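Structure first, then comments.
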Amino acid sequence: MCMGRGGACCYIDLIRRRRCARKVKMKTIGLIGGMSWESSAEYYRLINQDMKQRLGGHHNARSVMVTVSFEQIKALQHAQRWDELGEAMRQAALQVQAAGADFVLLCTNTMHRVAPVLEAALDIPFLHIVDPTAQALRAAGIRRVALLGTAFTMEQDFYRGRMQDKHGIEVVVPDAADRALVHAIIYDELCHGIVRDASRDVYRRIIGGLQAQGVGGVILGCTEIALLIGQDDVALPVFDTTALHAQAAVGLALEGVVVAN
-17 MCMGRGGACC YIDLIRRRRC ARKVKMKTIG LIGGMSWESS AEYYRLINQD MKQRLGGHHN
43 ARSVMVTVSF EQIKALQHAQ RWDELGEAMR QAALQVQAAG ADFVLLCTNT MHRVAPVLEA
103 ALDIPFLHIV DPTAQALRAA GIRRVALLGT AFTMEQDFYR GRMQDKHGIE VVVPDAADRA
163 LVHAIIYDEL CHGIVRDASR DVYRRIIGGL QAQGVGGVIL GCTEIALLIG QDDVALPVFD
223 TTALHAQAAV GLALEGVVVA N
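First residue of the sequence shown: -17, per our numbering; consecutive thereafter.
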């Protein structure tokens, strides 16, 4: 026990130690954005909102972001020039790494088509968008799920294959006509920040048809879809890849960090 003047010194030392304990050293989140900027802004909002909720005070995330030209990316996507897209994403990932990121997120579902290129190029971890969604599905006991996204995400194997092969979850997609509608609404409306009630009704109808096929939930497998559809809009459990990816990023950024009260 500290007594007299020494007691005052002990008290001051205790306060200093507590203040030091509250100093949070978190990892720096690296973000590759711009596909579209609408969803990139949502990533930034969700990550910082979650960080503040977890830590309180004036805390926010440490992050760096590199944005690309979506006009160029969109043209390459629709021309199926995936090698060039992979190189564009590789360069962006290396920029993020050079800026001091401790790990990297690619803020788009569709461009995970070239995720292996990034994983091979980086010296820091790459947080794949499928994995947090799969973990949430498994936690909810769902093994068969509907997927809405761009035509690339719904029709190619890079997303469904990882969900099935790595996590044991079966993925069901709409028929060809409905896939075309989902894709068009994403690129022609949501990527421009346009949200229409008529388009929401289209998505609701499509989700209802998938529900009739016995799925246990629906993945919003494009980072723009959450601008249009949320849990209040449909009966099936909704799994928003943007929110789940952002939440996982905050968890990884705070891994091992202890904040004293």
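C-beta: ideal position from N, C-alpha, C; glycine also. Small disclaimer: the values here were computed from a predicted structure and weren't measured.
Tell me the rounded alpha-carbon separation between Gln59 and Leu67. Counting from 1 along the sequence shown, the entry for residue 59 is found at position 77. Counting from 1 along the sequence shown, the entry for residue 67 is found at position 85. The straight-line gap from Cα to Cα measures roughly 7 Å.
Taking C-alpha atoms, which residue in His110, Ser22, Leu202 and Val155 lies nearest to Gly191? In the sequence shown, residue 191 corresponds to position 209, counting from 1. Ranking the options by Cα distance to Gly191, first place goes to Val155.
Can you have a look at Leu(-4) and say buried or exposed, based on whether 16 or more other CB atoms are within 10 angstroms of its CB? Walking along the sequence shown from the start, residue -4 turns up at place 14. The predicted position of Leu(-4) is uncertain, since its pLDDT is 49 and thus under 50; a value taken from the coordinates is nonetheless stated next. Its Cβ having fewer than 16 others within 10 Å, Leu(-4) is exposed.
Inspect the beta-carbon positions of Val184 and Leu209 and report whether they are closer than 8 Å. Here residue 184 is taken as the residue at index 202 of the sequence shown, counted from 1. Here residue 209 is taken as the residue at index 227 of the sequence shown, counted from 1. Contact: no.
Nearest residue (CA-CA) to Asp84, options Leu13, Leu218, Leu226 and Ala102: Within the sequence shown, numbered from 1, the residue matching residue 84 stands at position 102. Comparing Cα positions, the closest option is Leu13.
Is it buried or exposed for Ala162, if we count other Cβ within 10 angstroms and need 16 for buried? Within the sequence shown, residue 162 is the residue found at index 180, counting from 1. So Ala162 counts as exposed.
Identity of the residue in Leu28, Gly198, Ser18 and Ala23 nearest Gln229 by Cα: As a working mapping, residue 229 is identified with position 247 in the sequence shown. It is Leu28.
Would you report the Cα separation of Ala3 and Gly38, rounded to the nearest angstrom? What you label residue 3 is simply residue 21 of the sequence shown in a count that begins at 1. What you label residue 38 is simply residue 56 of the sequence shown in a count that begins at 1. Residue placement at Ala3 is flagged as unreliable, the pLDDT there being 44, under the threshold of 50; a coordinate-derived value is accordingly withheld.
Starting from Ser18 and walking both ways along the beta strand (DSSP E), at which residues does that stretch end? Taking the first residue of the sequence shown as 1, we reach residue 18 at position 36. Counting along the chain, no beta strand (DSSP E) covers Ser18, and no H or E run does either.
Mapping the DSSP letters down to three states, classify Val78 as helix, strand or coil. Position 96 of the sequence shown, counting from 1, holds the residue named residue 78. Looking at Val78 - three-state DSSP - the assignment turns out to be helix.
What three-state label does DSSP hand Arg144 in the structure shown? By 1-based counting over the sequence shown, the position of residue 144 is 162. DSSP places Arg144 in helix when its eight states are reduced to three.
Taking the straight line between their C-alpha atoms, what separation do you get for Ala246 and Gln73? One cannot answer for residue 246 here, as it falls past the ends of the chain, which runs -17 to 243.
Endpoints, the beta strand (DSSP E) within which Val46 is located: Here residue 46 refers to the residue found at position 64 of the sequence shown. Taken as a continuous stretch (DSSP letters only), the beta strand (DSSP E) holding Val46 covers Ser45 to Thr49.
Return the first residue and the last residue of the alpha helix (DSSP H) that Val112 is part of. Taking the first residue of the sequence shown as position 1, residue 112 is located at position 130. Unbroken alpha helix (DSSP H) run through Val112: Val112 to Ala121.
Alpha helix (DSSP H) runs contained entirely in the segment 171 to 198, provided each spans 4 or more residues: 179 to 193
As assigned by DSSP and simplified to three states, the class of Ile106: As a working note, residue 106 is residue 124 in the sequence shown. In the structure shown, Ile106 sits in coil (DSSP, three-state: anything other than H, G, I, E or B).
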